[in-house]
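K.L.:
Following full-length UniProt numbering, the numbering of the sequence shown begins with 1 at its first residue and continues without gaps.
Every residue, glycine too, gets a C-beta built ideally from N, C-alpha and C.
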Amino acid sequence: MATQAPPTERRTHSDYTVGWICALAKEQTAATVMLDDIHPDLAKPPQDDNTYTLGSIGGHNIVIACLPMGKYGTVSAATVATKMIGTFTAVRIGLMVGIGGGVPPNVRLGDIVVSTPVDKFPGVVQWDFGKTEKGGEFRRTGALNNPPAVLLTALTKLKTQHDIRGSKIPQYLGEVEKAAPKLKPKFTRATLLRDPYSEHAKSHGTDTDISEQDSREICIHYGLVASGNQVIKDAELRDRLNDSLDGNLLCVEMEAAGLMDSFPCIAIRGICDYADSQKNKDWQEYAATIAAAFAKELLGYVQPHDVDRERTAKDILGQSHTLSSVGTHTEIMRSKLDKTENTYILDWLTPVDYGPLQSSFIRKRQEGTGMWALEKPEYMTWLQEKGKTLFCPGIPGAGKTILTAIVVDNLYEKHGRNHDTGIAYIYCNFQRQQEQKPEDLLLSLIKQFAQSQSSLPESLRQCYGYHNPKRTRPSMEETEELLHSVLALYSRAFIIVDALDECSASEGGREKLFSVIFRLQARTGANIFATSRLDEDIAKMFQNPLSFHIRASDQDVVRYLNKRISLMRPDSTNEELEGTIREGVSSAVDGMFLLAELHMNMLEDQPTKGDVREALQHLQRGTAGLQNAYEQTMERIERQGEHTRKLAKQILSWIVHAKRQLTTLELRHALAVRPQTTSLNEEYIPSTQLILSVCAGLVAIDANGDRVQLVHYTTQEYFVRTKTAWFPTAERDIADVCVAYLLLDSSNPSTRLSNHESTGENDDCSGSSSVAKWLKIIHETNTLPLYDYAAGYWGRHVQLAMTEGPDIVKLLEDEARVSACSQTFFSIRLGQSWQLNRFRRSKGMKYINSTKIDTRMSGMHLAAYFGLDKTLASLLHNQNDPNSRDIFGHTPLWWAVWNKHDVVVKRLCHADQVDINCKDEMGYTPLLLAVDKGRESIVKMLCSTGRVDLDCKSDSELTPLWLAASCGMQAIVEHFLHTKSVDVHSKSEFGATPLLIALSNGYMSVVETLLSSGVDIASEYEDQHKLLATAAEKGFAQIVERILTKCEIDIEFRDEGGYTMLLMGAKDGRSTVVDLLLTKFAADIGARDHNGQTALHLAAMHEHKGVLDLLLSKHGANVESQDQKGYTPLMLAAMHGHREIVEFLLTKCGADRSARDFAGLNALAYALKAGHDEICEFLLDPKVIEIRSRLPGLLPRKRKRYLGDLGDASSLPLPVDIDAGTYQPQDKREDLASAVAGQWVEPWK
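(1) Could you check what DSSP says for residue 1248 in three-state terms: helix, strand or coil?
(2) Answer with buried or exposed for V720, where buried requires no fewer than 16 other C-beta atoms within 10 angstroms of its C-beta.
(3) Got a sec, what are the start and stop residues for the alpha helix (DSSP H) P806 sits in?
(4) Identify the continuous alpha helix (DSSP H) that holds H877 and give its terminal residues.
(5) Distance check for D246 and R11, CA to CA, integer angstroms please.
(6) Within the continuous beta strand (DSSP E) that includes N61, where are the two ends?
(7) As an exercise, report each continuous alpha helix (DSSP H) stretch of at least 4 residues that is fully enclosed by the region 1143-1172, in chain order.
(8) Quick check on residue 1246: buried or exposed, where buried means 16 or more other Cβ atoms within 10 Å of its Cβ?
(9) Which residues in the same chain have their Cβ closer than 7 angstroms to the Cβ of N899, if we skip the five residues on either side of it in sequence?
(10) Just the C-alpha distance for Y52 and K281, rounded to the nearest angstrom, thanks.
(11) Just the Cα atoms here: how many angstroms apart are N527 and Y425?
(12) With DSSP collapsed to three states, give me the class of I1051.
(13) Considering just the uninterrupted stretch of the alpha helix (DSSP H) at W20, what are its terminal residues?
(14) Considering only the alpha carbon of each residue, which of V1074, R1070, F1036, L1028 lies closest to R1054?
(15) Taking all protein chains shown into account, decide if I116 is buried (16 or more other Cβ within 10 angstroms of its Cβ) or exposed.
(16) By DSSP, does T633 sit in helix, in strand, or in coil?
(17) In whole angstroms, what is the alpha-carbon distance linking G86 and A791?
(18) Would F593 and A398 qualify as a contact pair, given that the criterion is a beta-carbon distance under 8 angstroms?
(19) Using C-beta distances below 6 angstroms, list every residue in its chain close to S822, excluding the 5 sequence neighbours before and after it, in chain order.
(20) When you compare only the Cα positions, how much space is there between L193 and I266?
(21) Would you kindly report the start and end of the unbroken alpha helix (DSSP H) that includes F494?
(22) Exposed or buried, A306, counting other C-beta atoms within 10 Å across all chains shown (16 or more means buried)?
(23) According to the neighbour-count rule (16 or more other Cβ atoms, all chains shown, within 10 Å of its Cβ), is S1071 buried or exposed?
(24) Grab me the residues of I778's own chain with a C-beta within less than 7 angstroms of its C-beta, minus the 5 sequence neighbours each way, in chain order.
(25) Under three-state DSSP, which class holds N899?
(26) Check this for me: beta carbons of V225 and R238, under 8 angstroms apart or not?
(27) Out of T644, V589, Q606, E642, state which residue places its alpha-carbon closest to the alpha-carbon of Q620.
(28) Considering just the uninterrupted stretch of the beta strand (DSSP E) at D273, what are its terminal residues?
(29) Could you tell me if T729 is buried or exposed, where buried requires 16 or more neighbouring beta carbons within 10 angstroms of its beta carbon?
(30) Could you tell me the distance, in whole angstroms, from the CA atom of L1112 to the CA atom of V1119?
(31) When you compare each of T688, P749, D733, V656 to K723 by their alpha carbons, which one comes out closest?
(32) So, at 6 angstroms on beta carbons, what are the nonlocal neighbours of L1161 in its own chain, with the 5 sequence-adjacent residues on each side left out?
(33) When the Cα atoms are used, what is the spatial distance from A670 to V612?
(34) May I ask you to report which of helix, strand or coil DSSP gives P728?
(35) Just the Cα atoms here: how many angstroms apart are F361 and V408?
(36) Who are N527's beta bridge partners in DSSP?
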C-alpha cells in the first residue's frame, strides 16, 4: 500500500521512466493503491491538462494518468499518452492497465488478459480500423507495434515463477484490504459476485465441471487484445471478431490501440464482462484491482537498468512538446500500414512469384520470334475452345521456355482485361525441385487465380483460418478442392506449365501434379498448355491432346543471329563474314536456340577474322554439337589466367554441388573464404559481374536478381557427367569452406554477443536463448549470408568428401558454435520431419517454431549424426560426454543407429563410458530403434557387447522382440530367442504379445518360429479368442487348428462385430479355415451375424467364389437362405455387381432368380437399380419377368437398355398379377418397370 515519500526525496520529471495509463477513475484508484510510495506532484506545462499521480514500485518511478471523465476510446488514450510523454520526457515503457471484456469460454470473469503477440498479430489489434471492400466486407488494415522486448522478457520470467510458486496477486489484495478497508467490499473480493456465463452453462448442462467463483483461482491469459472506439455489447460481433483473428482473441477494450504504435507499452486487463448483452458494472472494481496487482508484480521482474537502456517514448514519437500535432499524430499512428491481410494470406499459400520470371523471359525474347507458334491451327483451336489441352514437346535448348512466355503474354493480351478469364502459369526448374513439389505448384496456381479476384475467395480465407493457427498446411486433397473452388469463379481458365521434364519425378511428383490438373480440367473446363523435352513417360500422361513440336525456326534463328552479329567487334568480322556466320551457325543449330547462343559465345571470343572462319569450320550439329560446345566453353575457361580460371571453376563447382540453390550473396561470400583465417576479408568478395564474366556464359542471374544459376538444364547434365574430371575435390573444398566459415570470429555467438550490451539478468552469451538471439540478429542484418547454408550442409559435404580435418573437432568442441549450428541445422533438415512431429506429441504441443528450439545437440551428436568416426574418436579422447541428450532425449549413439552408421555405432557401443541402454523421450533405447528400423547388423553389434538390455521396454511397453515380430524380421526374432533372455509373453500397452502382433501382420514364418520356441498358447493368453479370431481372419488354418486343439474354446463365440469364426473366415475368403471349422470342429453352418447373414451370404457379398463352392458343394448350405431383410445370396451378389458370383449361383447352384425379399423385390430389380447391366443378362428369364417396387424412383426414369432387336417395347406383352390385379397400359405409376427377354423397357411414364 502506498505511503508518502519523505520530502527530502524531491524528484524531477526526468526521474520517471514508467508511464501508467488508466481509462476510468476506479482503474486509477486501483493503480494508486498498488504504489509503494506516493511522490509529490510536479509542475506541468500550461498546454498539458492531464492530472498525474506520481509514485514508485520497487526501483521504478511511475507516472499515472487517467483519461478525462466521460472520454473513452483510442484517440483519447493517444492524446493523454502524447501529453504525458511531452511532460515526462524520460518515460520509456508504458502500462495500459484496467478492465476489459473477455471472450468465453476460455476467459472468465475475474481473469486477467495480458497483450502478447500471437502469430502474425501484435499483442493489440485495432479491430475497427480498416476499409469496406466490394460486397460490404470490412477489412482491417494497418498493424500496431508489439510490446517492448523488456516487458515481454519480464513476462516470460514472471510466467515461470507463476508456474513454480504461484502469483503474488492474492498477497497484494490482502495488503490493500489492510491498508484501505473501505475498498474491501468491491475492490478486493469476488466471492459475492455472480458469473452469468457459469450460471448459463450450468442451466443448460453444457459445463457441469464449472466450480463456484470463490473456489476458482485467478487465471492469467497471454494473447490478443482487440481495441476499438466502439463498446462491444454483442456476443455475435465479439465471436465474429474472434473468428477473424483465427480464434486467438482473449479480450476487447477501447484504449490500447491508441497507444501501441508509438507508446511502447503492454495492455493488462482484468475481465469484468463478456462484451455481450449482459454487460454490467458489478465486476469492474475487482477486475481493475487484480489488473493493477498484476502490473505491480510484473514490474518486480523488470530491471530498472534495462528500462534505462530503452529509447524514450518521446524519441519514438518523434515530436516536440508542441501539442498542436497531437491529433495529426494520432491519425498517423492509425494509418501506418503493414502488409494487407490479403497479401499475407496469399504469401502464406506460397511466397513464390513467377511474375519476375515471366518478365525476364519476355525481355530475352528477340522481337518477332515465336509468332509461328501463335499462328498454328492447334494453338488457335486451344485458344478458342474450352477444356482443350495443348502439349508441346521439344528438343533441349529449342526455346520452349521463351515460347511459353510468349503464350502467357499472348493470353494476357487477349484476356488480361476480362475478369471472367483466369490465367496462371508455372516455370519448372531443375535447380528448384525442393520448392517445386506438386503441392507447391498447385498452391502457386491457387495464388495466381485468387489474386486476380477483387477480393479473396471465402474458401481460401477458411482454409487459411483453419490451418494458420495450427501451423499446418493443406493436404493434397484440400489443395485440389481449394483450386477447384477458385477456378469455379471464372468462365474460362488457362493453366500453363513449362518444362514439365524439370519437375521432380521422385515419388511420382509429375503424375500427382497432372492427375490433379486433369481432374480439375474435367470438372471446370480449364485449358492446359504444357511443354517438355521429348519424353515417352511424360507424353503418356496426355491423352489425345492437341500437339506440335517446338524447335527454333530458321527465321527466328536468323533474327537472333542478326542481333548477336551486330554486337561483335568490328575487327573480327565484316559484311561477307557476317553472312558466313549466319549461314554456318543457322545450319549447325538444328532447331536449338541454346546451341546458337553457345556457338555465338565462342565466335565472339575469337580475336581475328581468321580465327572466326576456322572456328566456323568445326561447328557440330545437334546433341553432339551441344556437348562439343560445352567442351569448347570449358576449354576457353581453362585458357584464362590462373586466378581467373580458378575462380570460374570454384563458381561452377559450388553451383553444381550445392545441396540447394545459392543466393548471389551466399556464393560471393563462399568464394571469399580463405583457408587458415579467422575473419572474412571483404576485399576478396567478387562482384556479381565478375562471376558472370569469368564463366564464359555458363551461368546467369535469375529473374529476381538474387540467385546465380547455370544457364540451362543441359549445362547441369553436362557437369553431372563430367564433374569428376572438372571438379575432382569439389565436396572436400566446399566442406572446408563451410567449416572455415563457421569458425570465423564473426560466426561465434559468444564473441558477437559479448560485444553487444548485456542481454539482462544472469546473461550467458553461450546459452541457448542468447544463441537464438544471435541467430535472429545475423538473419535480420544479413551480416553472415553463408551461415545458414554452412550450418545446414557442412556435415553432408564432409560425408561425401570422406575426409575429416582437425578443424571439425575444433568446431564441435565450441559449445556456442555447436548450439547455433545445430539450431540452424535442425530448422533446415528436421523442421518438417517426423522428428519434430514426434516431439510435438511427446510434449503435447500443437506446433513448434523450429528455428527457436534449443536442440541441445552437442558436438558428439553432430559427429554421430553425420557418421564422422575419426572426429568422434577425437571427441571421445578429449573427454566429451558421449551420453549427452538432445531435445528428444537422443544420445549420440541413438543418432548413429538412426542414420545407420555402423562404424560409429561400433565405436560408441564398445566404449565403456557410453550408456548403451539410455532411453529417449519416447522410451526408445538404441536397441529398440535398431530393431524398429530393421538394422540387423547393428542389432547384433549391440547384443555382442553383453551390456544391452534385451528386454527393455518403450513407453508403449514395446520390447525388441515385439518390434521384430511386428515387422516380420525373422532373423532378428531368431537371434533374440536364441539368447533366451527375452520374455516371449510380453505385452504392449494394448495387450498384444509378439505372437499376436506377428499373426495380425501376417508374418507366418515369425509365428512358426515363436511357436516352435515354446510359446504356450493354452496358458499365455488371457483372451485366446483374440488370437483365434486373428488367425481365422488371416487364413492361418494351421494356427487355428493348433489353438482349437490345445485350448478349450467355444467355436461359436462371437467377436465385437458379431461374427463367429466361420462367419469371419467366409467374409475374408479363407476357404481353408472355413473347411477346417466345418469338417473337424463341426462349426454351425447356419450361424448368422447381426444382419441375419450366414457364411453363404457373406461369401457372395464379398465375392469369394471358392468359399461359396465349398459351402454349397461340400457342406450343403442352403442357396436360398434369406437374411433379416429377405436377401438371398443371389440378391446380394447382384446388388454388389459380382457378375462371376451371379453366374455361378445361377448356372452351377440353381439359385432362384425370381425369389423376392421382404420388400417384394427380386435380384433383377437390384441389378437394375445399381446399373449392373451385364448382370441383368444372366438374370433375364426366357419368359416375361415381373419387377415390382414399392419405392418411387427406384429405377432411373430415363434408362433404356437394348439387348436384342424386338422392335418397339409397346408391342411386347405386359406383366400381370401386380398387387393381385392386372396392369393396364394407361397406368402411369413411375415405380413400375418391365423386363422382357431380349429387351429392357424403361419405367412407365
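P.N.:
The structure says:
(1) What is shown of the chain runs 1 to 1245, which leaves residue 1248 out entirely.
(2) exposed
(3) 806-812
(4) 869-877
(5) 47 angstroms
(6) 60-66
(7) 1163-1170
(8) The structure shown does not extend to residue 1246, since the chain is modelled only from 1 through 1245, so no value can be given for it.
(9) Y865, G867
(10) 25 angstroms
(11) 12 angstroms
(12) coil
(13) Unbroken run through W20 is the beta strand (DSSP E), 18-22; no alpha helix (DSSP H).
(14) L1028
(15) Correcting the residue type first, residue 116 is Thr in the shown sequence and not Ile. Buried, because 16 or more other Cβ atoms sit within 10 Å of the Cβ of T116.
(16) helix
(17) 48 angstroms
(18) yes
(19) T855, M857
(20) 28 angstroms
(21) Careful: F494 lies outside any alpha helix (DSSP H), inside the beta strand (DSSP E) at 492-498.
(22) Here residue 306 is Asp; the residue named in the question, Ala, does not match the sequence. Buried is the call here.
(23) buried
(24) L784, Y787
(25) coil
(26) no
(27) V589
(28) 265-273
(29) exposed
(30) 7 angstroms
(31) V656
(32) none
(33) 37 angstroms
(34) coil
(35) 11 angstroms
(36) F494
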